[in-house]
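Trainee: Those protein sequence lines, which keep their order, are chains A and L. Remember, this note's numbering sits 80 above the position in the first sequence when you count from 1. Remember, this note's numbering sits 80 above the position in the second sequence when you count from 1. I am attaching a structure below and will ask some questions about it afterwards.
2 protein chains.
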Amino acid sequence: MVHAEASTFAAGLSKADAYAQVLEQAEALFEGQRNWVCNLANTASLLWHSYRALPAPSAAVNWAGFYVRDRSPAAFTSPQLILGPFQGQVACQTIALGKGVCGTAAAMATTQLVPDVEKFPGHIACDGASRSEIVVPVMKNEEVVAIIDVDCAELNGFDEVDRTELEKLAALLARSCDFP
Amino acid sequence: MVHAEASTFAAGLSKADAYAQVLEQAEALFEGQRNWVCNLANTASLLWHSYRALPAPSAAVNWAGFYVRDRSPAAFTSPQLILGPFQGQVACQTIALGKGVCGTAAAMATTQLVPDVEKFPGHIACDGASRSEIVVPVMKNEEVVAIIDVDCAELNGFDEVDRTELEKLAALLARSCDFP
Chain A
81 MVHAEASTFA
91 AGLSKADAYA
101 QVLEQAEALF
111 EGQRNWVCNL
121 ANTASLLWHS
131 YRALPAPSAA
141 VNWAGFYVRD
151 RSPAAFTSPQ
161 LILGPFQGQV
171 ACQTIALGKG
181 VCGTAAAMAT
191 TQLVPDVEKF
201 PGHIACDGAS
211 RSEIVVPVMK
221 NEEVVAIIDV
231 DCAELNGFDE
241 VDRTELEKLA
251 ALLARSCDFP
Chain L
81 MVHAEASTFA
91 AGLSKADAYA
101 QVLEQAEALF
111 EGQRNWVCNL
121 ANTASLLWHS
131 YRALPAPSAA
141 VNWAGFYVRD
151 RSPAAFTSPQ
161 LILGPFQGQV
171 ACQTIALGKG
181 VCGTAAAMAT
191 TQLVPDVEKF
201 PGHIACDGAS
211 RSEIVVPVMK
221 NEEVVAIIDV
231 DCAELNGFDE
241 VDRTELEKLA
251 ALLARSCDFP
């Protein structure tokens with residue numbers, strides 16, 4: 081049975097170790113369950129609590145969650161992302177493909193590691209407290225089906241460890257979940 | 081544009097005032113957006129941050145979120161709820177209709193206000209830290225389509241104010257979102 085302690089992270093873990101725990105717990109949670117809402121909701125919780133257990137700047141993460149491809153009729157002519165499960169404060173419901181950090185990652189199908197969001201052209205300031213951001217696309221059959229989005233209230237909140245590990249998580253999500 | 085501050089609650093609010101802000105913000109967020117995942121994700125954030133701004137026992141809320149009717153083939157013969165958006169620690173993915181506080185609320189289509197979860201027959205201990213719980217069904221066309229679930233790490237975490245206000249929220253969700 082799933083237990084809340086899966087999202088308890090020991091103090092003093094390195095960032096790589098914390099991500100290893102996220103990946104291990106996520107893989108265990110996805111066994112026998114491919115529902116994307118359920119799996120992304122638990123993954124957002126794992127990510128959120130892992131950052132909380134790490135030293136700065138990771139501890140200053142103020143949003144961790146997902147957007148997915150909007151498959152509604154409205155999105156047919158204007159492709160957009162729609163908000164999925166997350167932990168943190170209220171967030172923008174939809175993001176047009178190509179707009180802001182999330183929309184750019186989705187349009188270009190590449191990770192965006194942004195040390196200072198105010199220097200990113202067309203940055204969407206859902207939360208004025210966010211200073212840096214990383215967005216990693218989740219690819220299925222060469223299409224972006226979702227993005228992982230993590231915001232930090234400090235500049236330079238993310239580095240190559242975050243990129244490598246979140247790209248592993250994106251690959252795990254792509255093969256473990258049925259996306260809309 | 082949606083802003084994170086929608087989930088900022090002033091210190092010193094009464095519980096009724098905090099719920100009034102949740103309802104007002106939720107209604108504004110749902111305007112022009114009926115996607116249930118997007119809307120429940122933002123609602124879980126509103127609820128979570130409202131409890132955090134209140135005195136004990138509300139401040140001890142340790143999980144706030146949703147389960148929805150599982151419409152997958154597996155759930156056809158054994159009806160069950162499946163995890164939706166939430167804030168808090170990792171949670172059980174599925175709950176059989178009639179099992180535990182959530183499954184009972186869904187099976188009976190009535191709010192379950194449980195002052196001490198250990199005294200509830202068949203309680204499912206996803207998180208051993210949870211001591212009390214309230215579960216409110218979201219009804220559409222006389223069918224339970226989802227439940228609001230809030231757990232508290234203190235006994236007697238919820239009262240008639242929570243029941244009344246969460247039932248208002250359930251009615252708002254029922255008329256504002258297209259559920260699976």
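Even glycine gets a Cβ: it sits at the ideal position worked out from N, Cα and C. Just so you know, these numbers come straight off a predicted model, no measurement behind them.
(1) Start and end of the alpha helix (DSSP H) containing residue 125 of chain A?
(2) To which residues of the same chain is residue 235 of chain A closer than 7 Å at the C-beta, ignoring the five residues directly before and after it?
(3) Under three-state DSSP, which class holds residue 230 of chain L?
(4) Would you kindly work out how many angstroms separate the C-alpha atoms of residue 175 of chain L and residue 202 of chain A, rounded to a whole number?
(5) Using the beta-carbon of each residue, which ones in chain L are nearer than 9 Å to residue 206 of chain A?
(6) Could you check how far apart the C-beta atoms of residue 146 of chain L and residue 226 of chain L are, in whole angstroms? I think they sit under 8 Å.
(7) CB-CB under 7 Å to residue 183 of chain A, same chain, minus the five flanking residues each way: which ones, in chain order?
(8) In chain order, what residues of the segment 159 to 174 of chain L put their CB closer than 8 Å to some CB of chain A?
(9) If residue 144 of chain L and residue 128 of chain L are in contact, beta carbons under 8 Å, what's the gap, nearest whole angstrom?
(10) Quick check: residue 181 of chain A and residue 206 of chain L, are their CB atoms within less than 8 Å of each other?
(11) Which runs of the alpha helix (DSSP H) at least 4 residues long sit entirely within the segment 177 to 207 of chain A? Give them in chain order.
(12) Taking Cβ-Cβ distances below 7 Å as the criterion, which residues of the segment 110 to 133 of chain L are in contact with chain A?
(13) Could you name the residues of the same chain whose beta carbon sits closer than 7 Å to that of residue 125 of chain L, not counting the 5 residues immediately before and after it, in chain order?
(14) Among L:113, L:89, L:112 and L:111, which has the Cα closest to the Cα of residue 102 of chain L?
(15) Take residue 192 of chain A and list the residues in its own chain whose beta-carbon comes closer than 6 Å to its own, dropping the five residues that flank it on each side.
(16) Note down the Cα distance separating residue 219 of chain L from residue 136 of chain A, rounded to an integer number of angstroms.
(17) Name the chain L residues that come within less than 9 Å of residue 152 of chain A, Cβ to Cβ?
(18) Hey, how far is the Cα of residue 238 of chain L from the Cα of residue 231 of chain L?
(19) Classify residue 113 of chain A as helix, strand or coil using the three-state DSSP reduction.
(20) When the Cα atoms are used, what is the spatial distance from residue 85 of chain A to residue 249 of chain A?
(21) Is residue 212 of chain A close to chain L? Criterion is C-beta to C-beta, closer than 8 Å.
Mentor: Reading from the atomic positions:
(1) One-based indexing of the first sequence puts residue 125 of chain A at position 45. From DSSP, the alpha helix (DSSP H) with residue 125 of chain A extends over 116 to 132.
(2) As a first step, residue 235 of chain A is located in the first sequence; it is residue number 155 there, counting from the start. So the list reads 195, 196, 211 and 212, once near-sequence residues are dropped.
(3) Counting from 1 along the second sequence, the entry for residue 230 of chain L is found at position 150. In the structure shown, the three-state DSSP call for residue 230 of chain L is strand.
(4) The count along the second sequence starts at 1 and reaches residue 175 of chain L at position 95. The count along the first sequence starts at 1 and reaches residue 202 of chain A at position 122. The straight-line gap from Cα to Cα measures roughly 43 Å.
(5) The residue labelled residue 206 of chain A in the question sits at position 126 within the first sequence. Simply 81, 82, 83 and 84.
(6) For the purposes of this step, residue 146 of chain L is identified with residue 66 of the second sequence, where counting begins at 1. For the purposes of this step, residue 226 of chain L is identified with residue 146 of the second sequence, where counting begins at 1. About 6 Å separates the two Cβ atoms, so the contact holds.
(7) Mapped onto the first sequence, residue 183 of chain A falls at position 103. Spatial neighbours of residue 183 of chain A in its own chain (CB-CB distance under 7 Å, excluding positions within 5 residues in sequence) are listed in chain order as 161, 175, 176 and 177.
(8) For the segment 159 to 174 of chain L, the set of residues with a beta-carbon nearer than 8 Å to any beta-carbon of chain A comprises 162, 163, 164, 165, 166, 167, 168, 169, 170, 171, 172, 173 and 174, in chain order.
(9) Along the second sequence, read from residue 1 onward, the residue named residue 144 of chain L stands at position 64. Along the second sequence, read from residue 1 onward, the residue named residue 128 of chain L stands at position 48. Indeed, because the Cβ distance is near 5 Å, the residues count as touching under 8 Å.
(10) As a first step, residue 181 of chain A is located in the first sequence; it is residue number 101 there, counting from the start. As a first step, residue 206 of chain L is located in the second sequence; it is residue number 126 there, counting from the start. Contact flag unset, no.
(11) If we require 4 residues or more, the alpha helix (DSSP H) runs fully inside the segment 177 to 207 of chain A come out as 180 to 188.
(12) Under the 7 Å Cβ criterion, the segment 110 to 133 of chain L contributes 113, 115, 117, 118, 121, 122, 125, 126 and 129.
(13) Start at 1 with the first residue of the second sequence, and residue 125 of chain L comes out as number 45. Correct list, in chain order: 87 and 167.
(14) Translated into positions along the second sequence, residue 102 of chain L becomes position 22. Comparing Cα positions, the closest option is L:89.
(15) Against the first sequence, residue 192 of chain A aligns to sequence position 112. Answer for residue 192 of chain A: 181, 184, 185 and 215, listed in chain order.
(16) Indexing the second sequence from 1 puts residue 219 of chain L at position 139. Indexing the first sequence from 1 puts residue 136 of chain A at position 56. If you take the alpha carbons of residue 219 of chain L and residue 136 of chain A, they lie about 44 Å apart.
(17) If you number the first sequence from 1, residue 152 of chain A lands on position 72. Near residue 152 of chain A (Cβ distances below 9 Å), the residues of chain L are 114 and 115.
(18) In the second sequence, residue 238 of chain L corresponds to position 158, counting from 1. In the second sequence, residue 231 of chain L corresponds to position 151, counting from 1. In this structure, the alpha-carbon of residue 238 of chain L lies about 9 Å from that of residue 231 of chain L.
(19) Counted from its first residue, the first sequence places residue 113 of chain A at position 33. When DSSP states are grouped into helix, strand and coil, residue 113 of chain A belongs to the coil group.
(20) The residue labelled residue 85 of chain A in the question sits at position 5 within the first sequence. The residue labelled residue 249 of chain A in the question sits at position 169 within the first sequence. Distance between the alpha carbons of residue 85 of chain A and residue 249 of chain A is about 20 Å.
(21) Residue mapping note: residue 212 of chain A aligns to position 132 of the first sequence, counting from 1. So no, residue 212 of chain A is outside the interface.
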